[in-house]
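Student: Below is a structure I'd like to ask you about.
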Amino acid sequence: MRAEAYLTSHNRVEKTHRWQEEIRANTPTRDHWRLEPGAAALLVVDVQRAFCDPAGSHALPAFEACVAPLAGLIGAWRAAGRPVVFSRHGHAHPPQHSVHGRFYGNVLDARDPEAALVPPACPGPGDLVLDKDTYDAFFGTSLADHLRQLRCSQILVAGVLTHLCVESTVRAGFVQGFEPFVVIDGCASSSERLHLGALVAMASGFSGMLTAGQAVALCR
980 MRAEAYLTSH NRVEKTHRWQ EEIRANTPTR DHWRLEPGAA ALLVVDVQRA
1030 FCDPAGSHAL PAFEACVAPL AGLIGAWRAA GRPVVFSRHG HAHPPQHSVH
1080 GRFYGNVLDA RDPEAALVPP ACPGPGDLVL DKDTYDAFFG TSLADHLRQL
1130 RCSQILVAGV LTHLCVESTV RAGFVQGFEP FVVIDGCASS SERLHLGALV
1180 AMASGFSGML TAGQAVALCR
């Protein structure tokens, strides 16, 4: 199934507003659940060549519209002196050795150039890069310990795919005691239906929602 170009630089503001309305109409209001940049780390999930480069083998056309807002957010987060973490998905063993491989029939080899991070996921000095081989960036990694060492009680999450690694990581973070927030226009999936469905599910059960612009404004 070919990924949809449901989000573009021309319709991003309109679509994001529509998604926010859909979320509000289908989930409880939680005004007390607020992002506090001083308590939060920014987690950028799997912005890799395979998914986020237009020439990637599993390219997500919708992500192109996320590049500018996500780059602005990463820059603002760093300028505010807050932690940035990048996750990178890849497998060290043949497909048949993992449940991912058995399910999909193939996996992204961690040594493949397509596993490389691509802009705006450009780690700087002091940023943490986590390698993972499943949807959840907490599973089998040092992420939870890293956040606790930094005294971060919240995570602000962006990246791909909204309904897979982003949602799995956000859910896992909540279960482990962190307060998650998702960047609505900083995530992309293979279709608008999957993207919006994941946003509504996360907002319903375990995450706050805001735009990149709203998160940047809180950093000032």
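Counting in the working numbering, the final residue of the sequence shown is number 1199, and the numbers go up one at a time with none missing.
Even for Gly, the Cβ is constructed at its ideal location relative to N, Cα and C.
Here the structure is a predicted model, which means the values were calculated and not measured.
What are the boundary residues of the beta strand (DSSP E) that includes Met1181?
Tutor: Looking at the DSSP string, Met1181 is not in any beta strand (DSSP E); the run it does join, the alpha helix (DSSP H), is Glu1171 to Gly1184.
Student: For Ser1121, count neighbouring C-beta atoms within 10 Å of its own C-beta (all shown protein chains included) and say buried if the count is 16 or more, exposed if not.
Tutor: So Ser1121 ends up on the exposed side.
Student: So Asp1112 packs on His1070, CB below 8 Å; how close in whole Å?
Tutor: Between His1070 and Asp1112 the Cβ distance is about 5 Å, and since that is below 8 Å, they are a contact.
Student: Quick check on Val1108: buried or exposed, where buried means 16 or more other Cβ atoms within 10 Å of its Cβ?
Tutor: By the 10 Å Cβ count, Val1108 comes out exposed.
Student: Which term fits Asp1010, buried or exposed, when burial requires 16 or more other beta carbons within 10 angstroms of its beta carbon?
Tutor: Answer is exposed; the Cβ neighbour count stays below 16.
Student: Val1139 and Val1024 look like a contact to me (Cβ under 8 Å); what is the Cβ gap, rounded to whole Å?
Tutor: Contact flag correct, Cβ pair sits at about 7 Å.
Student: Looking at Leu986 and Ala1034, is the spacing between their C-beta atoms short of 8 Å?
Tutor: For Ala1034 and Leu986, no; Cβs fall outside 8 Å.
Student: Report yes if the C-beta distance between Gln1027 and Arg981 is below 8 Å; otherwise report no.
Tutor: No; because the gap between Cβ atoms is not below 8 Å, this pair is not in contact.
Student: Do you know whose CA, among Phe1153, Leu1178 and Val1154, lies nearest Leu1143's CA?
Tutor: Closest by alpha carbon: Leu1178.
Student: Would you call the segment 1125 to 1140 and the segment 1046 to 1065 touching, i.e. three or more CB-CB distances under 8 Å?
Tutor: As far as the Cβ criterion goes, the segment 1125 to 1140 touches the segment 1046 to 1065, which means the pair count is three or higher.
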